[in-house]
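Chemist: The letter at position 436 of the sequence shown is residue 435 when you use numbering that gives the first Met the number 0, and the numbering goes up by one with no holes.
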Amino acid sequence: MIWDVDQLQALRNCCRDEVAFAQLQTLLAQISADTTNFSEIVKSLTPPEPQPSKPPTNLLQGVAQATQALLTHSNAPTGVNQALEILGKVTGVSRVYIFEHHRHPETDEPAMSQRFEWSDPHVSAQIDNPLLQNLSYRAAGMTGWYDRLSSGYSASSLVRNLSTVERELLEPQGILSILLVPIPVNGEIWGFIGFDDCQTERQWSTDEEAVLMTMAATLGSFIAHRQALERTAQLQTEYTACLHQITANVPGLIYQLLRRQDGSFGITFASSGCWELFEVEPEAVMTDFSLLTNLLHPNDRSGFFAAMETSAIALQPWRWQGRFTTPSGKLKWVEGISRPERSHSQAAVNEGEILWNGVLIDITERKQTEAALRESEEKFAKAFCSSPDAMAITSVMDGRLIDVNDSFVRVAGYEREEVIGRTVFDLNLWVNLSDRATLMQLLQERGEVRNLEFEFRRKSGAIAVGLFSAEMIHLMGEPYILSVTNDITERKRTEEELLLAVERDRLLGEIALRIRKSLDLNTILNTTVTEVRQFLACDRVFIAYVNATYRGQVVAESVTSNCKSLLGLVPDENFLEEIKAIFEQGEVQIIDDVSQAQLSSLRTEVCTREQIQAILGVPIMVNEQFFGVLVAHQCTAPRHWHRFEIDLLKQLAIQVAIAIQQAELYQQVQLLNTSLESQVEKRTHQLQQKMQELQELYQIKDVFLHAFSHDLRTPIMGMSLVLQNLLNQPEETLSLSRSILERMVESSDRQLNLINSLLEAHSTEVQGILLHCEPVNLSQLMQTIIEDLNPLLNQHQATLINKISSNLPLLNADPIQLRRVYENLVTNALKYNLPGLTLTFNATVETDWIRCTVEDNGIGMTQELCDRLFELYYRGGNTRHYTGIGLGLYLCRQIITAHGGEIGAISSSGNGSIFWFILPYLGTEE
């Protein structure tokens with residue numbers, strides 16, 4: 000068989016590598032030489048049927064070896080690298096590495112940096128690749144990977160299935176498949192451990208990922224442990240550095256120790272820290288060195304002197320740690336640091352003697368920290384083999400327990416042999432089977448459950464509360480549930496007790512505040528018994544007075560509908576005497592079960608009659624004298640009274656006593672106030688009469704002054720405008736027409752008439768307005784009024800439309816007063832509206848009246864203002880209302896009322912106003 004170049008190239012492309020292509024060439028040569036075995040040769044080329052993937056049997060052993068390397072190696076980085084190497088070899092990947100999550104130093108966005116790596120010799124290492132330091136997840140197109148890892152899930156994929164940006168990062172490293180497993184540290188995702196396969200497109204099984212998740216969790220615990228060690232080492236380094244800065248304020252004993260030629264020791268100097276450290280005065284130590292050495296712990300005494308002897312012989316620095324017991328019995332760890340020197344010239348030291356200048360410091364806390372650290376390391380090592388939380392593996396189908404840890408045995412109360420192979424139903428663990436149904440539903444929907452609170456039953460039958468977390472796993476192809484249960488029974492109980500304490504404190508605080516703010520004793524007592532009964536959840540709570548003043552009576556009660564009320568009950572004298580004997584010494588009575596208590600026949604009869612089965616009573620002491628009782632009853636069944644309930648009633652009794660004292664003081668103050676108030680009331684009444692007289696005089700004066708200034712302004716303004724127009728003419732000599740002079744005279748006459756009218760208005764405030772009525776043609780009067788108002792209308796650019804007919808009946812009215820009404824209404828409209836206003840005069844006959852209106856298209860007003868517009872000095876909330884409107888419109892009402900008519904206004908905001916008044920026409924007035 001002959002193959003051309005193109006056919007060979009096609010075959011090469013079908014092969015996965017050069018080795019496969021060489022094998023294919025050999026087989027083709029065999030076919031050419033022996034066609035009889037063609038079928039056998041072809042069969043040899045056919046790949047075997049794919050077998051279902053199984054996790055390597057040694058994966059768990061490899062994880063255990065990697066964990067051992069982490070825990071046992073003295074050098075942490077070396078231990079991590081050895082663990083990565085073991086994981087790489089046991090999983091058969093090309094590269095295993097660890098990345099740490101952090102914020103990007105420039106953009107502050109999520110980023111990652113490579114910290115450790117193991118790689119197969121046949122692939123290039125990436126630990127020094129600068130692209131893998133401070134690599135942004137967003138820039139690498141791996142935000143989805145980041146979100147999944149941050150949520151605590153592993154992530155795996157074939158590189159050819161990834162996005163272009165991701166492939167550009169991974170393909171240059173020769174990666175065909177990748178698996179990333181999150182590393183949790185102290186409840187947060189610290190980073191991830193990655194597995195690169197550069198040889199095959201590997202598909203990771205669920206079991207493999209689960210095992211590696213366990214390894215990542217162990218690695219996270221190791222990192223947390225190392226972080227704790229580093230923090231401790233850092234603290235110790237800082238502490239040691241501070242010790243070198245010896246000053247007078249440094250804690251500890253700074254000393255100078257002398258070793259004499261005869262071998263004896265003496266302290267030549269001791270700082271004030273001697274007392275703080277050893278509870279011995281420094282002067283005493285300098286006098287007698289044995290005062291200090293006698294405090295040495297018996298087990299450390301020989302070591303202390305041996306170290307001193309060694310330092311003296313070799314003249315080497317002396318460092319010693321040991322224990323001292325102070326005179327008060329405190330055990331302290333002390334560290335001594337000094338350097339010896341042999342002096343030949345000091346005056347206070349003989350030649351050949353040795354001096355140590357040093358410091359003794361208290362290292363008790365450091366020793367405690369070291370002991371705690373050693374204990375933490377032991378716990379960490381044990382936690383790998385045995386979780387503190389109860390863990391179990393159960394089958395999904397029937398809930399059969401396959402394996403449990405020691406914590407499960409401890410929490411559930413069973414022996415291991417009692418639970419293995421049995422179902423949760425056999426053990427009756429679930430108190431509410433609906434909780435397990437919820438668990439199974441969540442597992443089917445999400446594949447995991449986190450912190451599901453549920454109640455479970457211990458072997459003893461006691462009900463406990465746990466936080467349940469679980470995940471679905473597969474073992475040998477079968478689904479199982481890996482569960483972790485955190486027993487929170489005590490925490491729940493503590494929370495309930497705290498809630499009760501908070502509620503108790505709230506109740507006490509509210510009652511105390513109510514007593515401080517209120518003087519109504521009945522309200523305080525009734526509210527107290529109601530809230531106490533609700534808090535204690537008992538059947539009856541009452542307060543009774545049991546003293547000579549009140550002669551014994553239930554004054555406040557809160558009781559359930561099923562129990563008999565005692566409110567108002569007055570016990571007989573014998574019962575009162577017995578109650579006084581029980582409580583007058585301030586003792587509390589606690590009876591959990593009346594049927595088991597030794598009571599008098601009288602009290603037994605009362606308890607039976609009132610259905611009392613449990614009693615909690617505290618005395619109310621007022622001024623250290625027995626005053627009454629605060630009692631709680633349980634009528635439905637016996638009851639055990641808890642300590643916090645007893646304390647609550649005792650404290651409430653104190654508050655009730657305060658309320659009673661406060662009420663008595665208030666009654667005394669009330670009696671005193673009543674006497675004082677009667678005297679003050681007489682004096683006040685006399686002063687009020689005098690003040691009212693003065694106010695009336697001031698008001699009459701103000702009416703006159705306001706009326707004068709308001710009503711005199713209009714005619715003066717008209718005449719002033721006429722004169723101003725004349726002055727504006729350019730001629731030196733002005734010629735005045737008779738009509739102008741007549742108008743000025745008329746204006747002056749009106750001013751005089753207005754002054755007289757204002758004087759009259761002042762006098763008529765008490766006597767009423769005096770009218771000079773005569774037949775009046777309203778149409779003619781209006782012509783005169785309009786002519787006089789023209790200058791004012793021109794000034795305000797206003798238009799006046801006169802619709803008053805000349806055929807109206809004559810009015811019997813005072814024309815001057817009627818003019819004042821129209822002038823005030825027009826002046827009021829112009830003053831409180833914008834220029835360009837349109838005014839309309841109209842009058843119509845209605846039965847016995849003539850209805851006159853002054854209408855404008857201005858800004859209008861509210862109905863409230865319309866109703867009060869004609870009151871004397873009324874000013875609305877708007878600052879636009881000046882004094883004039885209060886007086887002018889008030890005078891309008893006085894004038895119209897004096898004519899026997901009525902006046903009013905109709906308006907709304909934004910829709911203009913209509914002022915109206917009605918007057919009887921001639922022949923109809925009474």
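Just so it is clear, CB atoms sit at the ideal spot from N, CA and C, and this is done for glycine as well.
Applying the criterion that 16 or more other CB atoms from any shown protein chain within 10 Å of the CB defines a buried residue, is T90 buried or exposed?
Modeler: T90 comes out buried.
Chemist: Taking A536 as part of the beta strand (DSSP E), name the residues at either end of that continuous run.
Modeler: Secondary structure note for A536: it is in no beta strand (DSSP E), with a DSSP letter that is neither H nor E.
Chemist: From R492, E530, E494, pick the residue whose C-alpha is nearest to that of G508; which is it?
Modeler: E530
Chemist: With DSSP collapsed to three states, give me the class of I884.
Modeler: The pLDDT assigned to I884 is 43, lower than 50, so where the model puts this residue is not dependable, and the model offers no usable value.
Chemist: Whole angstroms are fine: how far does the CA of V358 sit from the CA of E282?
Modeler: Each residue's Cα considered, the two are about 17 Å apart.
Chemist: Tell me which same chain residues have a C-beta within less than 8 Å of the C-beta of N832, skipping the five on either side of it?
Modeler: D855, G857, I858
Chemist: Which of the three DSSP states, helix, strand or coil, is assigned to F574?
Modeler: helix
Chemist: Under the assumption that R399 contacts G420 (Cβ atoms under 8 Å), give the Cβ distance between them as a whole number of angstroms.
Modeler: 7 Å
Chemist: Taking the beta strand (DSSP E) that N811 falls in, what are its first and last residues?
Modeler: 810-812
Chemist: With N80 as the anchor, note down where its alpha helix (DSSP H) starts and where it stops.
Modeler: Start and end: 75-90.
Chemist: As a quick exercise: from Q612, N356, T861, pick the residue whose alpha carbon is nearest that of E592.
Modeler: Checking the sequence, you will find Asp at residue 592 rather than Glu. Minimum Cα distance to D592 is reached at Q612.
Chemist: Go ahead and label E556 buried or exposed: buried means 16 or more other beta carbons lie within 10 angstroms of its beta carbon, across all protein chains shown.
Modeler: buried
Chemist: Tell me whether the region 142-156 and the region 171-182 touch, counting them as touching only if at least three CB pairs, one residue from each stretch, are closer than 8 Å.
Modeler: yes
Chemist: Does DSSP classify S204 as helix, strand or coil?
Modeler: coil
Chemist: Less than 7 Å between C-beta atoms, sequence neighbours within five positions excluded: which residues of the same chain meet that for D388?
Modeler: Cβ-Cβ distances below 7 Å link D388 to S406, V483, T484, N485 in the same chain, with the five nearest sequence neighbours on each side left out; the list follows chain order.
Chemist: Note the first and the last residue of the continuous beta strand (DSSP E) segment covering N485.
Modeler: 477-486
Chemist: On the DSSP bridge list, what partners appear for D855?
Modeler: Note: D855 is bridge-paired with L838, S912 in the DSSP secondary-structure output.
Chemist: Can you tell me whether Y254 is buried or exposed, with buried defined as 16 or more other CB within 10 angstroms of its CB?
Modeler: buried
Chemist: Taking V853 and F840 to be in contact with their CB atoms under 8 Å, please state how far apart those CB atoms are, rounded to whole angstroms.
Modeler: 6 Å
Chemist: How many angstroms separate the CA atom of N74 from the CA atom of P316?
Modeler: 30 Å
Chemist: Please state whether DSSP places Q650 in a helix, a strand or coil.
Modeler: helix
Chemist: Name the one or two DSSP bridge partners that K331 has.
Modeler: F323
Chemist: Do E200 and S176 have their C-beta atoms within less than 8 Å of each other?
Modeler: For E200 and S176, yes; Cβs fall inside 8 Å.
Chemist: Given a threshold of 16 other Cβ atoms within 10 Å of its Cβ, counted over all protein chains shown, does S906 qualify as buried or as exposed?
Modeler: buried
Chemist: Under 8 Å by Cβ, that's how I've got G551 and L575 pegged, so tell me the actual separation to the nearest angstrom.
Modeler: 5 Å
Chemist: Along the chain, where does the beta strand (DSSP E) that runs through Q113 open and close?
Modeler: 109-118
Chemist: Tell me the DSSP secondary structure of A346 in three-state form.
Modeler: Reliability fails at A346, whose pLDDT of 42 lies under 50, so the model's placement of it is uncertain and the value that follows must be treated cautiously. Three-state DSSP puts A346 in coil, outside helix and strand.
Chemist: Going by the CB atoms, is the gap between E369 and R259 shorter than 8 Å?
Modeler: no
Chemist: Give a yes or no on whether the minimum CB-CB distance between A658 and chain C is below 8 Å.
Modeler: Checking the listed chains, one finds no chain C in this structure; it contains a single protein chain.
Chemist: Quick one: what does DSSP say L725 is sitting in, helix, strand or coil?
Modeler: Under the three-state reduction of DSSP, L725 is assigned to helix.
Chemist: Identify the residues that DSSP records as bridge partners of P774: which are they?
Modeler: N811
Chemist: I believe L438 touches A469 by the beta-carbon criterion, under 8 Å. Please report the beta-carbon distance rounded to the nearest angstrom.
Modeler: 7 Å
Chemist: Between the C-alpha atoms of E414 and P76, what's the straight-line distance to the nearest angstrom?
Modeler: 41 Å
Chemist: How long is the line joining the alpha carbons of H100 and G186, rounded to whole angstroms?
Modeler: 14 Å
Chemist: Please classify S301 as buried or exposed, where buried requires at least 16 other C-beta atoms within 10 Å of its C-beta.
Modeler: exposed
Chemist: Within the continuous alpha helix (DSSP H) that includes Q440, where are the two ends?
Modeler: 432-445
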